[in-house]
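As given, the protein sequences belong to chains A and B, one line each in that order. This note's numbering puts the first residue of the first sequence at 478, with every later residue one more than the last. This note's numbering puts the first residue of the second sequence at 478, with every later residue one more than the last.
Number of protein chains: 2
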Amino acid sequence: MSNAYNRPDQLSPELRRRVLDTARRLGYPGPDPVARSLRTRKAGAVGLLLTENLSYAFRDPAAIGFLEGLALACEDAGTGLLLVPANPEREDVASVHRAGVDGFVVYSVPDDDPHLAAVLERPVPTVVCDQPDLGTVDRVGIDDRGAMYELAKHLISLGHRRVGVVCMRLARDRNDGFVTPDRQHAAHFHVQRNRLSGLAEAFSEAGVDWSQVPVVERFDHNMASGASGAAQVLDKDPQITALICTSDVLALGALTEAARRGLRVPHDITVTGFDGIRPGEEAGLTTVRQPVLEKGRAAGKLLLDASERTRPRSVNLATELIIGKTSAAPRGGAEERWFGP
Amino acid sequence: MSNAYNRPDQLSPELRRRVLDTARRLGYPGPDPVARSLRTRKAGAVGLLLTENLSYAFRDPAAIGFLEGLALACEDAGTGLLLVPANPEREDVASVHRAGVDGFVVYSVPDDDPHLAAVLERPVPTVVCDQPDLGTVDRVGIDDRGAMYELAKHLISLGHRRVGVVCMRLARDRNDGFVTPDRQHAAHFHVQRNRLSGLAEAFSEAGVDWSQVPVVERFDHNMASGASGAAQVLDKDPQITALICTSDVLALGALTEAARRGLRVPHDITVTGFDGIRPGEEAGLTTVRQPVLEKGRAAGKLLLDASERTRPRSVNLATELIIGKTSAAPRGGAEERWFGP
DNA sequence: TGAAAGGACCGTAACGGTTCAGAACCAATT
DNA sequence: AATTGGTTCTGAACCGTTACGGTCCTTTCA
């Protein structure tokens, strides 16, 4: 009887001992967790859905920070954290259906991801992170658009008008190359869409024709992509004075490409990132710092906090503009451009 | 009827459509994963037990690499990966009992960890990693002892005889300070015990009285620990020519402490690590590279490979001695010591 | 001494799916 | 017309646990 294991106060010590003894003698391995879950309707775990290959989560510093925060929240609650395998290639949502969890955290997947749809169909609480507010489930994120707008304003105040952009992938299909304004608007990744839109707004306000600004997209998110993306932008328009990257990882790659070309940063070219990861900090990157660990922790707290009062809830965390040593006024100075021919 | 969902070939398309329709109309959310698991006796997930606070796994580069490899293997098999919260403070093995998984991977926990014992009681396949061979379950690891022996031999051939050691924690209790030979022998962490024993053997063979060698232990595993550990060793014996650290993270910390003291590496002092993580590589650290990602992947493969033939299986992965630029002959040269007074 | 109260123990009914045996049905063969 | 074979469909058993309510025994108090 399970009482012997779980509720020692419900029976006499003597009986308990006897039950446990015979259980051991019969080779009983202890209560089965799955059957228990079925009966109690508690799995003791939350599921994490990332659209990238599962292992990606361990290669991207920002994702690692998020995971750490989420793990922290789970740990506090004594809950397990189930990484759900959601291979973006095959549209195999079975893994979502098979996950025995009490809730889901969905981290930065495209709006139209079938796995996300499958999660929303499950009758368990869900928190989406770095996603648009769906109105039906809790959400945690930052003001990507506002933060990027602020960064752009800073560059504009330094005098930059001719810029290029390297961004992460905007949709589920692979498009390693230039991005049309249409594709920017229609981007299925909420984060990227908003960062680009913040840039577009700020530069448009400064009189720049955004449709003429070279924006290059990279499917894979690593330094090599940042480097090759930067190369593609610089090949297209060697005159740009600033290279705006939508993540620090891309920016770090861009820095290596700049170095390879003999461009001094920030004297010859300004490079900016987004996220505020450690290696970026060490490189003195101008960027927007976002509290990735707190984001994960907030998502976990939201999911595990049972208080039903005001649902759905939406949490926006603060970001901070970090002026590093990879940004400066363009060569020749802002004034020259203002008063020049 | 579950056939409609899972076995479309077992019934006519017409009935299937009808069943699914009414299911939707009744608001049926699809088959319950827990009930399914109970019946099929498959949870579709493997559990990962790390004794450290769950979040630690996301802060240690070697652990991250292991996790990535394990996640890769899980992904290939379409299996979930459940991080089991095993707070080392409270001896709460309930989380192990509650985990609905098809198997466990246990990563570098102390021999006497109650969570490990709880895992072994569960009637599911288990793979232990960086642990002693238990004889009853699969195991994957490296030859920590041999690898460290080889590294020590290299230092000895350079002429080092007077050395100090900074190691990770050796047992569940906190002991930030010098380690007696007894404690080294009795260490509950297999990895640390073997690395120290490899060192002891090599230096003993070279005529060094190992019991006189300062060995400092640090409970927390981060660069600050490496720095303070190095400081403690250097304070005790400023004459040492080499600082051997049992991990790269500690070694990186030791490098900062050396720099703080104005000691040039490797001219004034040799510093070595263990693991072969990226930041160590960038610092040119002399170390032993171990294939952490492969280790994780091998653990996953072993667990998910159902072939029952030769159990338990034991896998040893190859390591590689990396001679970086943090090691050199001691100042004054090896010869001076050989032929000196 | 009898009734009420409380505690210990035990039996049973879900939880929600999967599986399997067999019923019902239709078609083809003898 | 009856037997055979095959397919589609239905019903019941089972997976292992926990929640619940009932029985029985002991204790307490009027």
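No residue lacks a Cβ here, since even glycine has one placed at the ideal position from N, Cα and C.
Asked, Found
"Beta-carbon proximity check, L547/B vs G753/B, cutoff 8 Å", "no"
"DSSP state of Y584/A mapped onto helix, strand, coil", "strand"
"Within chain A, partners of P506/B - CB distance below 8 Å", "E598, R599, P600"
"Sub-8 Å separation of A540/A and T796/A beta-carbons", "no"
"Cutoff 8 Å; reference G817/A; Cβ partners in own chain excluding five residues on either side", "Legend: pLDDT at G817/A = 37, less than 50; position of this residue unreliable, value from coordinates given subsequently. The answer is none, since no qualifying residue turns up."
"C-beta atoms of V693/B and V642/B nearer than 8 Å", "yes"
"Cβ pair L526/A, V573/A closer than 8 Å", "yes"
"Residues that V570/A contacts on chain B, provided the C-beta gap is smaller than 8 Å", "The premise fails here: V570/A is roughly 10 Å from chain B at the closest Cβ pair, so nothing lies under 8 Å."
"Proximity of G542/B and D621/B at Cβ, strictly below 8 Å", "no"
"Through-space distance from H637/B to A679/B, alpha-carbon basis", "12 Å"
"Chain A within 8 Å of F666/B, Cβ atoms only", "no"
"Cross-chain neighbours of A594/B in chain A, by beta carbon under 8 Å", "The contacting residues do not exist; A594/B stays about 12 Å from chain A at best."
"Chain-ordered chain B contacts of A698/A [CB-CB under 7 Å]", "Position check: residue 698/A holds His in this sequence, whereas Ala was assumed. Within 7 Å Cβ-Cβ: nothing; H698/A doesn't reach chain B, min ~15 Å."
"Proximity to T875/A [Cα-Cα], best of V578/A, E545/A, V596/A", "The requested residue 875/A is not part of the displayed model; chain A covers only 478 to 818."
"Cβ pair V668/B, S585/B closer than 8 Å", "yes"
"Backbone secondary structure at A811/B - three-state DSSP", "With a pLDDT of 43 at A811/B, under the threshold of 50, the modelled position of this residue cannot be trusted; read the value that follows with caution. Of the three classes helix, strand and coil, the one that applies to A811/B here is helix, per DSSP."
"With 16 other Cβ atoms within 10 Å as the buried cut-off, status of S724/A", "buried"
"Opening and closing residue of the alpha helix (DSSP H) in which S688/B lies", "Where S688/B is concerned, there is no enclosing alpha helix (DSSP H), given that its DSSP letter is neither H nor E."
"Nearest-angstrom Cα separation, counted from L762/A out to A805/B", "35 Å"
"Distance, S784/A Cα to A563/A Cα", "30 Å"
"Span separating the alpha-carbon of R695/A from that of M645/A", "5 Å"
"Contacts around E589/A, its chain only, beta-carbon distance under 6 Å, and the 5 residues preceding and following it disregarded", "The question names Glu, yet the displayed sequence has Asp at residue 589/A. Within the same chain, D589/A has close Cβ partners H665."
"Element boundaries [alpha helix (DSSP H), containing G730/B]", "725-737"
"7 Å Cβ cut-off: residues of chain A touching F535/B", "I541, L544, E545, A548"
"Runs of beta strand (DSSP E) wholly within the segment 508-571 of chain B (minimum 3 residues, chain order)", "522-527, 557-561"
"Pair within 8 Å by beta-carbon distance, L727/B and G703/B", "yes"
"Closest Cα partner of Q608/B within the set R599/B, P600/B, I619/B, V561/B", "I619/B"
"Residue of V614/B, L632/B, A663/B, V523/B minimising C-alpha distance to P587/B", "A663/B"
"D659/B versus D653/B, L647/B, R651/B, residue with shortest Cα-Cα distance", "L647/B"
"Whole-number beta carbon distance between H631/B and I800/B, since they are thought to touch under 8 Å", "7 Å"
"Local Cβ density within 10 Å of E759/B, reported as buried at 16 or more and exposed below that", "exposed"
"Segment limits, beta strand (DSSP E) that includes A719/A", "719-722"
"G557/B and L558/A closer than 8 Å at C-beta", "no"
"DSSP state of N793/B mapped onto helix, strand, coil", "strand"
"Residue burial classification, K772/B (beta-carbon count within 10 angstroms, cutoff 16)", "buried"
"S514/A to V582/A span [Cα, whole Å]", "20 Å"
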